[in-house]
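J.: The structure under discussion is supplied below as structure tokens; questions concerning it will follow.
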Amino acid sequence: MVLHDKMSSESGEMRERAFRLCRDYLHGAWKVVAPHEIVLKRISGGLSNWLYLCKLPSNRPARNGEPSQVLLRFYGQIHGEKALEGLITESVIFTLLSERRLGPKLHGVFPGGRLEEFIPARPLHTEELKDPKISVIVAEKMAQIHSMNVPVSKEPRWLWDTMNRWMQSIQDEIKDEQNTDPHSSQLLRNILAHNLVAELKWLRLVRFLIKIAPNGEILRKIAPSCILIGCWRESVEGAGDEAMNV
Numbered sequence: 001m002v003l004h005d006k007m008s009s010e011s012g013e014m015r016e017r018a019f020r021l022c023r024d025y026l027h028g029a030w031k032v033v034a035p036h037e038i039v040l041k042r043i044s045g046g047l048s049n050w051l052y053l054c055k056l057p058s059n060r061p062a063r064n065g066e067p068s069q070v071l072l073r074f075y076g077q078i079h080g081e082k083a084l085e086g087l088i089t090e091s092v093i094f095t096l097l098s099e100r101r102l103g104p105k106l107h108g109v110f111p112g113g114r115l116e117e118f119i120p121a122r123p124l125h126t127e128e129l130k131d132p133k134i135s136v137i138v139a140e141k142m143a144q145i146h147s148m149n150v151p152v153s154k155e156p157r158w159l160w161d162t163m164n165r166w167m168q169s170i171q172d173e174i175k176d177e178q179n180t181d182p183h184s185s186q187l188l189r190n191i192l193a194h195n196l197v198a199e200l201k202w203l204r205l206v207r208f209l210i211k212i213a214p215n216g217e218i219l220r221k222i223a224p225s226c227i228l229i230g231c232w233r234e235s236v237e238g239a240g241d242e243a244m245n246v
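Printed below as a string of structure tokens:
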């Protein structure tokens with residue numbers, strides 16, 4: 001059986017595994033339901049992880065304050081030293097964000113994944129980052145997180161390495177523009193209308209001239225798919241902090 005079949009929410013093996021994890025870590029009503037009773041749904045949006053919604057059936061309400069629904073996360077590629085290092089850092093940061101109520105609540109950690117608070121929300125769309133109201137909220141959230149003092153390396157190697165890699169990728173795309181579709185070619189031209197090399201040098205200079213937050217790299221995943229907007233708000237105009245989660 002291929003990996004996709006094993007990880008499908010329709011797989012009996014996956015249902016049994018999800019049930020055992022919820023039963024062992026959440027207790028309460030999860031201890032008395034049967035595997036076939038729980039609601040198990042695959043959630044899209046994970047960049048490298050497998051995500052599932054696990055939910056108690058409507059006739060089995062929570063008993064002792066346990067969550068009636070959770071997000072079950074299975075880590076993706078965790079082989080190799082760099083992958084393991086990144087996973088450890090992410091787990092530490094996620095736990096601290098949970099404790100300080102800056103992120104989803106952590107319900108359990110197990111080998112290969114974790115159980116998180118399920119937030120009824122949708123990923124931010126890339127186009128929405130152009131909205132000044134949304135950009136301000138994202139910036140405020142990032143500032144809160146980046147001002148935290150957490151036990152991870154404070155050296156910004158990842159940031160500069162990633163920027164340099166992206167710059168090289170752009171240059172490679174330019175050389176191969178004849179094999180690029182018209183839309184992508186136009187995007188490249190729009191990007192190159194800015195002097196990115198000079199801007200990168202300026203960023204490096206500014207970093208040493210101003211006071212940098214203690215964790216310049218605490219949140220590497222700032223892709224729109226990692227930012228959630230509460231599904232009850234289609235617009236954030238007048239919305240409070242509760243409308244957005246990073």
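Quick note on UniProt numbering: the sequence shown kicks off at 1 and runs consecutively.
Every residue gets a Cβ at the ideal spot worked out from N, C-alpha and C, and that includes glycine.
Are P57 and V32 close, meaning C-beta to C-beta below 8 Å?
T.: Here residue 57 is taken as the residue at index 57 of the sequence shown, counted from 1. Here residue 32 is taken as the residue at index 32 of the sequence shown, counted from 1. Cβ atoms of P57 and V32: not closer than 8 Å.
J.: At the level of alpha carbons, what is the spacing between V152 and L87?
T.: On the sequence shown, residue 152 is found 152 positions in, with the first residue counted as 1. On the sequence shown, residue 87 is found 87 positions in, with the first residue counted as 1. Distance between the alpha carbons of V152 and L87: 12 Å.
J.: Is the distance from the Cβ of L71 to the Cβ of M148 below 8 Å?
T.: Numbered from 1 along the sequence shown, position 71 holds the residue referred to as residue 71. Numbered from 1 along the sequence shown, position 148 holds the residue referred to as residue 148. No, the Cβ-Cβ distance between L71 and M148 is not below 8 Å.
J.: Identify every residue that forms a DSSP beta bridge with G113.
T.: As a working mapping, residue 113 is identified with position 113 in the sequence shown. BP columns for G113 point to F74, F110.
J.: CB-CB under 6 Å to S48, same chain, minus the five flanking residues each way: which ones, in chain order?
T.: Your numbering for residue 48 matches position 48 in the sequence shown. Cβ neighbours of S48 beyond the five flanking positions: G76.
J.: Would DSSP call A62 helix, strand or coil?
T.: Here residue 62 refers to the residue found at position 62 of the sequence shown. It is coil, neither helix nor strand.
J.: Closest to L84 by CA distance: which of G113, F19, H107 is it?
T.: For the purposes of this step, residue 84 is taken as the residue at position 84 of the sequence shown. When each option's Cα is compared against that of L84, the closest is G113.
J.: Determine the contact status of E116 and P132, defining contact as a CB-CB distance below 8 Å.
T.: The residue labelled residue 116 in the question sits at position 116 within the sequence shown. The residue labelled residue 132 in the question sits at position 132 within the sequence shown. It is not a contact, given that the beta carbons lie outside the stated cut-off.
J.: May I ask you to verify whether the segment 190-206 touches the segment 159-172, counting CB pairs closer than 8 Å and requiring at least 3?
T.: With a cut-off of 8 Å, the segment 159-172 and the segment 190-206 count as touching, because enough Cβ pairs lie within range.
J.: If the criterion is Cβ atoms closer than 8 Å, does the pair R64 and G108 meet it?
T.: As a position in the sequence shown, residue 64 is number 64, starting the count at 1. As a position in the sequence shown, residue 108 is number 108, starting the count at 1. Note on residue identity: the sequence assigns Asn, not Arg, to residue 64. No, the pair does not count as a contact, with Cβ atoms beyond the cut-off.
J.: Give the range of the beta strand (DSSP E) segment to which P123 is assigned.
T.: Translated into the one-based positions of the sequence shown, residue 123 becomes position 123. Residues 121-123.
J.: Kindly confirm or deny that the segment 36-43 and the segment 12-20 touch, where touching means at least three C-beta pairs closer than 8 Å.
T.: As far as the Cβ criterion goes, the segment 36-43 touches the segment 12-20, which means the pair count is three or higher.
J.: Measure the alpha-carbon distance for S11 versus E66 and round it to whole angstroms.
T.: Numbered from 1 along the sequence shown, position 11 holds the residue referred to as residue 11. Numbered from 1 along the sequence shown, position 66 holds the residue referred to as residue 66. Their Cα atoms are separated by approximately 26 Å.
J.: Whose C-alpha, out of H194, K55, Q144, P111, is nearest the C-alpha of I170?
T.: For this step, residue 170 is matched to residue 170 along the sequence shown. Of the candidates H194, K55, Q144, P111, the one whose C-alpha sits nearest the C-alpha of I170 is H194.
J.: For M167, which residues from the same chain have a beta carbon less than 8 Å from its beta carbon, with the 5 sequence-adjacent residues on both sides left out?
T.: Numbered from its first residue, the sequence shown carries residue 167 at position 167. Answer for M167: L196, V197, L200, listed in chain order.
J.: Beta carbon of L51, beta carbon of R23: below 8 Å?
T.: Sequence index remark: in the sequence shown, residue 51 carries index 51 (1-based). Sequence index remark: in the sequence shown, residue 23 carries index 23 (1-based). Not a contact, by the Cβ cut-off of 8 Å.
J.: Would you mind sorting residue 250 into buried or exposed? The rule is 16 or more other CB atoms within 10 Å of its CB.
T.: Residue 250 is absent from the structure shown; the chain starts at 1 and stops at 246.
J.: Looking only at C-alpha atoms, which of M14, L228, S8 sits nearest to residue 258?
T.: Any question about residue 258 goes unanswered here, given that the chain covers just 1 to 246.
J.: What did DSSP end up calling G103 once you bin it into helix, strand or coil?
T.: The count along the sequence shown starts at 1 and reaches residue 103 at position 103. Correct three-state label for G103: coil.
J.: Spatial neighbours of I218 within its chain, please: CB distance less than 8 Å, with the 5 preceding and 5 following residues excluded, ordered by chain position.
T.: As a working note, residue 218 is residue 218 in the sequence shown. The predicted model places I218 with a pLDDT of 49, which falls under 50 and marks its position as unreliable; any figure quoted below should be read in that light. Correct list, in chain order: I93, I145, H146, M148, V150, V152.
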